[in-house]
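Numbering (the UniProt record's numbering), first residue to last: 1 to 97.
For each residue, glycine too, the CB sits at the ideal point set by N, CA and C.
Predicted, not measured: the structure shown is a model, and the values here were computed from it.
For reference, the structure is listed below as structure tokens.
This is the structure in structure tokens:
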């Protein structure tokens with residue numbers, strides 16, 4: 001039961017690293033001085049790379065991007081459900097004969 005959250009945490013952690021490195025790549029590419037290049041093909045290629053890099057590389061699931069924010073949202077949702085079930089159990093134990 002504990003293994004599944006750990007695996008999810010690892011996937012989210014490495015997906016987050018992928019997102020961060022993708023952003024670093026985009027900033028490094030933009031900062032390389034490509035606009036001053038005399039080679040038109042090089043400028044066009046880098047412009048295309050920059051266009052593609054606007055959307056960071058990430059691991060996608062069926063519903064959303066896998067990242068630490070998504071893991072946090074899922075954990076918060078599960079805690080709310082758990083607390084609701086505990087409260088319902090308490091209410092039913094009071095009202096039971």
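Of the residues assessed, residue 16 falls on the buried side of the cut-off, its CB having 16 or more other CB atoms within 10 angstroms. Annotation for residue 55: no alpha helix (DSSP H) segment contains it, and DSSP assigns it neither H nor E.
Fewer than three beta-carbon pairs drawn from the stretch 79–91 and the stretch 24–42 are found closer than 8 Å, and the two stretches are therefore not classed as touching. The three-state secondary structure of residue 32, taken from DSSP, is coil.
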